[in-house]
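Residue numbers (full-length UniProt numbering): 1 to 293.
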Amino acid sequence: MQYERFLNYLTHERRFSNHTVIAYALELERFESFLGAEQMVLDQVGYRVLRFYISAQKESGRASTSVNRTISVLKSFFKYLLREGVVRQNPATALKSLRTPKKLPVTVEKEKLVALLDQKTSETQTFAERRDLLVMELLFGTGIRLSELLAIADEDIDGYGRQIRILGKRNKQRLVPVHDLLYDQIISYQMEKKSAFLQNMSNHLIVTNRGKPAYASMIYQIVKKNLTLVTSQSKRSPHVLRHSFATSLLDNGADLNAIKEILGHAGLVATQVYTHNSAERLKSIYKQAHPKA
Numbered sequence: 001m002q003y004e005r006f007l008n009y010l011t012h013e014r015r016f017s018n019h020t021v022i023a024y025a026l027e028l029e030r031f032e033s034f035l036g037a038e039q040m041v042l043d044q045v046g047y048r049v050l051r052f053y054i055s056a057q058k059e060s061g062r063a064s065t066s067v068n069r070t071i072s073v074l075k076s077f078f079k080y081l082l083r084e085g086v087v088r089q090n091p092a093t094a095l096k097s098l099r100t101p102k103k104l105p106v107t108v109e110k111e112k113l114v115a116l117l118d119q120k121t122s123e124t125q126t127f128a129e130r131r132d133l134l135v136m137e138l139l140f141g142t143g144i145r146l147s148e149l150l151a152i153a154d155e156d157i158d159g160y161g162r163q164i165r166i167l168g169k170r171n172k173q174r175l176v177p178v179h180d181l182l183y184d185q186i187i188s189y190q191m192e193k194k195s196a197f198l199q200n201m202s203n204h205l206i207v208t209n210r211g212k213p214a215y216a217s218m219i220y221q222i223v224k225k226n227l228t229l230v231t232s233q234s235k236r237s238p239h240v241l242r243h244s245f246a247t248s249l250l251d252n253g254a255d256l257n258a259i260k261e262i263l264g265h266a267g268l269v270a271t272q273v274y275t276h277n278s279a280e281r282l283k284s285i286y287k288q289a290h291p292k293a
């Protein structure tokens with residue numbers, strides 16, 4: 001019962017996304033099974049029990065990032081239980097996250113992406129081809145997340161301000177600018193969509209070949225298919241385009257705070273990771289260009 005109440009709290013009071021709540025639920029199911037096997041209830045759990053549980057997670061082969069997610073969930077859960085009076089102390093307070101190697105965001109060179117999109121623009125014929133091109137243009141042209149792309153409605157397009165209203169994490173709204181060419185593509189696509197699906201047309205901007213709202217796996221396939229044409233790297237997801245967008249802005253002198261606002265990051269820490277990508281790119285250019293490098 002406490003698990004369900006906690007998940008409801010995350011959904012309705014903290015306004016976490018469905019994706020995040022599902023991730024929390026899976027972690028709590030795993031923890032509940034552990035307590036069942038140990039024949040323990042929540043108010044019997046102490047720091048040593050949690051340490052044993054975390055150690056078992058690590059020894060089972062789970063990645064450090066996954067174990068850290070477990071720690072984060074347990075800290076939030078027991079903090080909630082303490083507030084509700086279910087437990088007398090929070091045994092998760094002293095849990096420390098595991099060290100994880102820093103990974104730089106995976107990107108695709110902007111020159112390759114621009115060339116690909118320019119080529120696709122001249123080749124598009126069918127509605128599906130124009131839609132797929134718009135998906136790529138929006139992801140690389142605005143840096144929005146997959147979930148944000150799927151949530152865009154036709155009325156979220158602001159032609160006067162040349163911007164899109166985006167519903168981000170925790171239902172936070174922000175306005176993301178679009179360049180004139182992208183705006184023209186959006187309007188042209190909307191007109192064609194309206195013509196193709198006069199009846200039962202979804203108000204979602206991106207739709208399937210039958211006019212229904214697009215879904216995550218569909219966008220993944222569109223992005224993977226297109227990125228395969230310009231890169232052999234294993235990671236070819238919508239988030240790669242988000243990373244490529246941010247890195248491109250930084251490479252061209254954009255202010256870090258401005259990039260943070262466009263991406264919808266809560267703090268600068270998440271945005272600063274792109275400075276490492278730009279630094280590595282500068283080093284590479286230096287080594288190739290300087291006669292003594």
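Glycine included, every Cβ here is placed at the ideal spot set by N, Cα and C.
Nonlocal neighbours in the same chain, by C-beta distance under 6 Å from T11, ignoring five residues either side: In the sequence shown, counting from the first residue as 1, residue 11 sits at position 11. Answer for T11: V21, listed in chain order.
Could you tell me the alpha carbon to alpha carbon distance between residue 312 and A196, rounded to whole angstroms? Here the chain comprises residues numbered 1 to 293, so residue 312 is not present and cannot be evaluated.
If we count the other Cβ atoms within 10 Å of its Cβ and call it buried at 16 or more, is Y215 buried or exposed? Stepping through the sequence shown from its first residue, residue 215 is reached at position 215. Label assigned to Y215: exposed.
Check this for me: beta carbons of L250 and Y274, under 8 Å apart or not? To locate residue 250, count along the sequence shown from 1; it is residue 250. To locate residue 274, count along the sequence shown from 1; it is residue 274. Yes, the pair counts as a contact, with Cβ atoms nearer than the cut-off.
Relative to the alpha-carbon of Y53, which residue among E38, T65, A63, D43 has its alpha-carbon at the smallest distance? Residue mapping note: residue 53 aligns to position 53 of the sequence shown, counting from 1. Y53 has its Cα closest to that of E38, out of E38, T65, A63, D43.
Pull up the distance between the alpha-carbon of R99 and that of L268, whole angstroms please. Reading the sequence shown from its first residue, position 99 is the one you call residue 99. Reading the sequence shown from its first residue, position 268 is the one you call residue 268. Roughly 21 Å separates the two Cα atoms.
When we look at the beta-carbon of V41 and count the other beta-carbons within 10 Å, is it buried (16 or more) or exposed? Here residue 41 corresponds to residue number 41 of the sequence shown, with the count starting at 1. Its Cβ having fewer than 16 others within 10 Å, V41 is exposed.
If distances are taken between C-alpha atoms only, which option among A128, E4, Y9, I259 comes closest to I144? Start at 1 with the first residue of the sequence shown, and residue 144 comes out as number 144. Of the candidates A128, E4, Y9, I259, the one whose C-alpha sits nearest the C-alpha of I144 is I259.
Taking the alpha helix (DSSP H) that V223 belongs to, which residues open and close that run? The residue you call residue 223 lines up with position 223 of the sequence shown. Unbroken alpha helix (DSSP H) run through V223: 216-227.
Where do the N-terminal and C-terminal ends of the beta strand (DSSP E) with Q190 fall, by residue? The residue given as residue 190 occupies position 190 in the sequence shown. Per DSSP, Q190 belongs to no beta strand (DSSP E); it is in the alpha helix (DSSP H), 180-196.
So what's I157 in DSSP terms, helix, strand or just coil? Working through the sequence shown from its first residue, we reach residue 157 at position 157. In the structure shown, I157 sits in a strand (DSSP, three-state: E or B).
Taking only three categories from DSSP, how would you classify P48? As a working mapping, residue 48 is identified with position 48 in the sequence shown. Residue identity check: residue 48 is Arg in the sequence provided, not Pro. Helix, per DSSP.
Can you tell me the Cα-Cα spacing of M218 and K96, whole angstroms? Working through the sequence shown from its first residue, we reach residue 218 at position 218. Working through the sequence shown from its first residue, we reach residue 96 at position 96. Near 38 Å, if we compare the C-alpha coordinates of K96 and M218.
Could you check the C-alpha separation between G36 and Q2 for me, to the nearest Å? In the sequence shown, the residue the question calls residue 36 occupies position 36. In the sequence shown, the residue the question calls residue 2 occupies position 2. Using only the alpha carbons, I get a separation of about 15 Å.
Kindly indicate which residue of I164, L139, D132, K169 has the alpha-carbon position closest to the one of N209. As a first step, residue 209 is located in the sequence shown; it is residue number 209 there, counting from the start. Looking at the Cα atoms, D132 is the closest of the given residues.
CA nearest to the CA of H276, picked from Y183, K225, L256, L7: Mapped onto the sequence shown, residue 276 falls at position 276. Minimum Cα distance to H276 is reached at L256.
To the nearest whole angstrom, what separates the beta carbons of I206 and L150, a pair I think is in contact under 8 Å? Start at 1 with the first residue of the sequence shown, and residue 206 comes out as number 206. Start at 1 with the first residue of the sequence shown, and residue 150 comes out as number 150. That belief holds up - the Cβ atoms of I206 and L150 are roughly 7 Å apart, short of 8 Å.
Rounded C-alpha distance that separates R15 from E129: The residue you call residue 15 lines up with position 15 of the sequence shown. The residue you call residue 129 lines up with position 129 of the sequence shown. C-alpha separation (whole angstroms): 36 Å.
Does the structure place the segment 145-165 close enough to the segment 228-244 that three or more beta carbon pairs sit under 8 Å? yes
At the level of alpha carbons, what is the spacing between K79 and V108? For this step, residue 79 is matched to residue 79 along the sequence shown. For this step, residue 108 is matched to residue 108 along the sequence shown. Roughly 41 Å separates the two Cα atoms.
Environment of M191 [buried if 16+ CB atoms lie within 10 Å]: Position 191 of the sequence shown holds residue 191. Exposed, because fewer than 16 other Cβ atoms sit within 10 Å of the Cβ of M191.
By a C-beta neighbour count over all protein chains shown, 10 Å radius and 16 as the cutoff for buried, is E59 buried or exposed? Along the sequence shown, read from residue 1 onward, the residue named residue 59 stands at position 59. Label assigned to E59: exposed.
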